[in-house]
Amino acid sequence: MKTFPSPEVLRRLSFGLADVAVILGTLLLLAIIARLGAGALVSFKPPEVVPAIDLNPANLPYYAGRSTLRMFTALACSTLFTLIYGYIAAHSRRAERVMIPLLDILQSVPVLGFLSITVTGFIALFPGSLLGLEAASIFAIFTSQVWNMTFSFYQSLRTIPKELEEAATLYQLSYWQRFIKLQIPAATIGLLWNAMMSFGGGWFFVAASEAISVLNQNYTLPGLGSYVATAIAAEDLPSLGWAVVAIGVVILLVDQLFWRPLIAWSDKFRMEQSASATIAESWVYDLLTTARVPRLVSIALTPLSDAGNGLLSRLTPLRAQADMGGGQRRGSDRLYTLALLVIISLLVAWILHFILTTVGPLEVLKTFGLGTLTLLRVVTLLIIATLVWTPVGVAIGFNPQLARTLQPLVQFLASFPANFIFPFATLFFIRTHISIEWGSIVLMALGSQWYILFNSIAGAQSIPTDLREMASDMGLKGWRRWQRLIIPGIFSAWVTGGITASGGAWNASIVSEIVAWGASTLTATGLGTYIANATAVGDWPRITLGISMMSLFVVGLNRLLWRQLYQLAETKYHL
Amino acid sequence: MIPTVASPTLITVDQVSKHFPLPDGKGEFTVLSGVNLTVRSGEVIALLGRSGSGKSTLLRIMAGLIPPSQGQVLSNAKPLRGANNNVAMVFQSFALLPWLTVQENVELGLEARGMKREERHQRALKAIDIVGLDGFESAYPKELSGGMKQRVGFARAFVLEPEVLFMDEPFSALDVLTSENLRGEIDDLWNAHTFPSKSILIVTHNIEEAVFLADRVVILGANPGRIRGEVVIDLPRPHDRTHPRFASLVDYIYTVMTNPEIEVSGQPAVAVAPTPPVLSPYARPLPHVRVGGISGLLELIVDQPQGGDDISRLAERLQLEVDDLLPILDAAVLLDFAQVSQGDVCLTAIGQDFATTTILRSKDLFRQQSLNHVPVLSSILHTLREKPSGSMRADFFLDLWDEHFPHEEAERQFATAIDWGRYAELFEYDASEDRLYLPATPEAS
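In order, the protein sequence lines correspond to chains A and B.
Mapping to the working numbering: the first sequence position 123 is 123, numbers consecutive.
Heads up: take any position in the second sequence, counting from 1, add 1000, and you land on the working numbering.
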């Protein structure tokens, strides 16, 4: 029985060729990792001695490799964290009540504001080497990826069909067997898609975290981000161009060699009990399934994995759950809620006390004003991006052929780190004397507008052909057609895009309200600049205040605006 | 094969009750109350009940998937704690892992018991052979039809050779022909004494299926779920559908199921005049049916030559299962459009009028009958009339239902009441504002 179709071309290859390719590919990968990893372990004494960045484009592959290694290390950490955190949250009712709201808040905290705190912490952890800086950068990427992935995993665990859970219990699967046979497979597709999207967003943070000045110290890690920073300081346009090409190539390679094969492989974890219409294709995956080496290796490892699974199963036998009396449970629940409330109010009181005693209430008012300015920028950006990109997205979405060709391009643009483009835009603002107060909106939009575009495309594609034909039949044209058919039809997709775009814009404000070109620095008034400045001089009270205020804005916006819109989309405009 | 009392007892259910807490600490909702049941070696038992009778909950308590609130389950005379090792279950939705092949799915339970790879391979092949899926070992469930998927479900249970095989509406997700075929094969296996289990316990809402497969049909009642009694199917196996006794047993069970008040004696009995206790209007559940369903059914019955119909024939003709048909009948009886007795249904004068008249007149009739016979609708109308604005938040009514039902059920009750009230033009409901209104009085012209 043929279960995974692979192109006949590959089938016809004598098995040796595919195997040679797989073996060579594996060896090459190991060599590259060894070379890059060795670089991270070289002894330095930061901050006195930091590695210099050489702007010669020949060094770019090495720098790109170092950045990519950081990305993958962060991805591995995120996956591990996701599995543990999500598992606990989905299995303990009490932990869930703390962990899920906490996740919600952590998701809203601007990652870049963290850097100052983490860099100092990690340097203290690894004295005498760059590992501390390396860890701080990886941590920044980690925090940008992990919350999405954890949410997705938790959601998947919670939505496993009840009868599958019952079958697992009745057939006496141990907790370990249940984890690897039921829970992980059920979560794989969602987790993979989220990881891929978050990974795309991660390039932005790799670039922002490799070269930073924290507490009046400049830190540099070899990588694409620091290459760009050095080129900006040297006002070297050609080098910047090379960096853009390098990041583009890296994104494409990672997509082809890593994500595509995984997506193609994950198709078998689809929950639907019927075969899917479109099957993701990947030449790497086809190569791996055609070659014999992977299969031989997996057969050779079977006894080992059997023994491992057996051992873990015996360690995690199925336990009978006792039915606690209702009254008893409610009583201890109340106690638990009370304890939580006390802890939360103590924390809030402590933060308020810290802020008020060190900077005073006037400063709080000031940051609120700055936050409002940044909010205005975010809102302007959303409105303009919507007005520009929704019609484009709908036009693309209504044309299946166009959508097929353009969607990969749009996804590529969305994962392309906008801060690689910042220097060109900055130079443009300086030459044309555009104020950064307005220019920063453009900078923030460079990264976040794509979410609006590709969600509009997806939304337009989801409008049934029947409805579109009906609209033509009824003679709906122009604005009326938008009002009655298109806007309601793409509304849910637009909300999804809007939430992502607004989150991205808030984070980007820390790096786009203050930009540099050589010796000149452009500064816009806003909360992003406030946080960036406080971070640079190491002013702890102001860092805390700035981050808290921005989180407050993001959480408030989510609760007051996005959640309402989301509900509306779910109930009224659900197709 | 009718077991004698001397056959060893495999599972005993002893005074089992199950409650779920109602939202906001408003007390408890009783799903099962004081249930006693024994499963003996060599018999096939069917648990038959309408939705809400707790039959699936009872099955899951016996399987050790959910703990009872009171009472206990004994498996081989030992109190049950956690999942019951002596049973295997076949699920309504098949519950196959889509990422495992047929073979891997069947091996799942053996693997969990720590059996060696080679041995579980052999056993799985044998079980796959029994259910007739030879050649499909390496197929994934998504490549199989519904009937074949359920065969995998049976193989996965058979391979464990459980003492008792549990089936939770195993054929109800399949189309009519497929389910008939599979049911017949399972029955053949049992009658040939080659069945891998000593007993079968099947949950169903299909009366014919219960009489065809079971030696004993245990009938459950609703609100709260309890055992009303049992009917022994005293026919030689395999049960012959054309035997007159078969038809009379089916008829009898239909009679029992449409009359919640009569005692289940196993023999046709005279209906006892019910004395319903005085309850809050919100405590009496409305049957979840749309008005369109009621009038559709009445129209079909009124077309019959005698103006009435045998319920089992009606169910067969409409290809409706008990869970779909009986609520509609309940609603028709509640509204006094129809009467049910001795497994037959016949229309009242108002019911005949309702089934044959124009839309506008039928709305009037429906309004009149619901005000007279459905206290909850008149209660809602009363509340709205008392408000000067003639409107009320939906939450207010939902809260009243919440006091008697779990929240999802309260929401379904609310939705049904809204559907009926709207059709009768008693009140209007604005979903975006979540409010109920008295209808605007048409302007005098």
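Backbone N, C-alpha and C fix where the C-beta goes; we use that ideal spot for every residue, glycine too.
query                                                                                                                                                                                                           : result
Could you work out which residues of chain B lie near G447(A), taking near to mean beta carbons separated by less than 8 Å?                                                                                     : Result: empty, since nearest Cβ-Cβ is about 36 Å, beyond 8 Å.
How should R1050(B) be labelled, buried or exposed, when 16 other C-beta atoms within 10 angstroms of its C-beta is the threshold for buried?                                                                   : buried
What did DSSP end up calling P294(A) once you bin it into helix, strand or coil?                                                                                                                                : helix
Taking only runs that begin and end inside the segment 123-186 of chain A, name each unbroken alpha helix (DSSP H) of 4 or more residues, in chain order.                                                       : 131-158, 162-170, 175-178
Could you tell me which uninterrupted alpha helix (DSSP H) segments, each at least 4 residues in length, are contained entirely in the segment 1295-1342 of chain B, listed from first to last along the chain? : 1311-1318, 1322-1334
Classify L130(A) as buried or exposed, calling it buried when 16 or more other Cβ atoms lie within 10 Å of its own Cβ.                                                                                          : buried
Considering Cα atoms alone, identify which of G1034(B), K1149(B), L1160(B) is closest to H1121(B).                                                                                                              : L1160(B)
Could you check how far apart the C-beta atoms of I232(A) and W517(A) are, in whole angstroms? I think they sit under 8 Å.                                                                                      : 6 Å
On the premise that G190(A) lies in contact with Q145(A), defined as a C-beta separation below 8 Å, what is that separation, rounded to the nearest angstrom?                                                   : Not a contact, Cβ separation roughly 14 Å.
Kindly identify the DSSP beta-bridge partner or partners of I1011(B).                                                                                                                                           : V1039(B), S1075(B)
For I421(A), report the span of its beta strand (DSSP E) as first-last.                                                                                                                                         : It is not in any beta strand (DSSP E) - I421(A) carries neither H nor E in the DSSP assignment.
So N1085(B) contacts chain A; which residues on that side make the cut at Cβ distance below 9 Å?                                                                                                                : Q172
Just to confirm, are L1426(B) and R1367(B) a CB contact at a threshold of 8 Å?                                                                                                                                  : yes
Would you identify the three-state DSSP class for P1268(B), choosing helix, strand or coil?                                                                                                                     : With a pLDDT of 48 at P1268(B), under the threshold of 50, the predicted position of this residue should be treated as unreliable, though the coordinate-derived value follows. Note: P1268(B) maps to coil in three-state DSSP.
Chain B partners of Q177(A), CB-CB under 9 Å?                                                                                                                                                                   : L1108, E1111, A1112
My output table needs one value for V1231(B): the three-state DSSP class, helix, strand or coil.                                                                                                                : strand
Going by Cα to Cα distance, which pick from S92(A), E134(A), Q411(A), L335(A) is closest to T118(A)?                                                                                                            : E134(A)
Quick one: give me the first and last residue of the alpha helix (DSSP H) that M1089(B) is part of.                                                                                                             : Note, M1089(B): premise wrong, no alpha helix (DSSP H); beta strand (DSSP E) at 1087-1090.
What number of angstroms, rounded off, separates the C-alpha of N1036(B) from the C-alpha of L106(A)?                                                                                                           : 52 Å
Along the chain, where does the beta strand (DSSP E) that runs through F1166(B) open and close?                                                                                                                 : 1164-1168
Does the distance from the CB of N1206(B) to the CB of P1238(B) come in under 8 Å?                                                                                                                              : no
Straight-line CA distance for A569(A) to A90(A)?                                                                                                                                                                : 26 Å
Under 8 Å, with one C-beta from each stretch per pair, do the segment 422-431 of chain A and the segment 489-500 of chain A reach the 3-pair mark?                                                              : no
For L182(A), which residues in chain B fall below 9 Å Cβ to Cβ?                                                                                                                                                 : L1097
Cβ closer than 9 Å: which chain B residues qualify as neighbours of L301(A)?                                                                                                                                    : Correct list: empty, because the minimum Cβ distance to chain B is about 13 Å.
I need the DSSP call for G518(A), collapsed to helix, strand or coil.                                                                                                                                           : coil
Helix, strand or coil: which one does DSSP assign to G325(A)?                                                                                                                                                   : Because G325(A) sits at a pLDDT of 47, beneath the cut-off of 50, its placement in the model cannot be relied upon, and the point is left open.
Following the continuous alpha helix (DSSP H) through T386(A), name the residue where it begins and the one where it ends.                                                                                      : 360-397
Where do the N-terminal and C-terminal ends of the beta strand (DSSP E) with Q1352(B) fall, by residue?                                                                                                         : It is not in any beta strand (DSSP E) - Q1352(B) instead sits in the alpha helix (DSSP H) that spans 1349-1356.
Would you verify that the beta carbon of Y1140(B) is, or is not, closer than 8 Å to some beta carbon of chain A?                                                                                                : yes
Over the uninterrupted alpha helix (DSSP H) stretch that includes R404(A), give me the two end residues.                                                                                                        : 400-415
Measure the alpha-carbon distance for P400(A) versus Q411(A) and round it to whole angstroms.                                                                                                                   : 16 Å
Count the other C-beta atoms from every protein chain shown that fall within 10 angstroms of the C-beta of Q564(A), then say buried if there are 16 or more, exposed otherwise.                                 : exposed
Please classify P222(A) as buried or exposed, where buried requires at least 16 neighbouring CB atoms within 10 angstroms.                                                                                      : buried
Where L338(A) and L83(A) are concerned, what is the direct C-alpha to C-alpha distance, given to the nearest angstrom?                                                                                          : 29 Å
Using beta carbons (cut-off 8 Å, strictly below), is L1065(B) in contact with chain A?                                                                                                                          : yes
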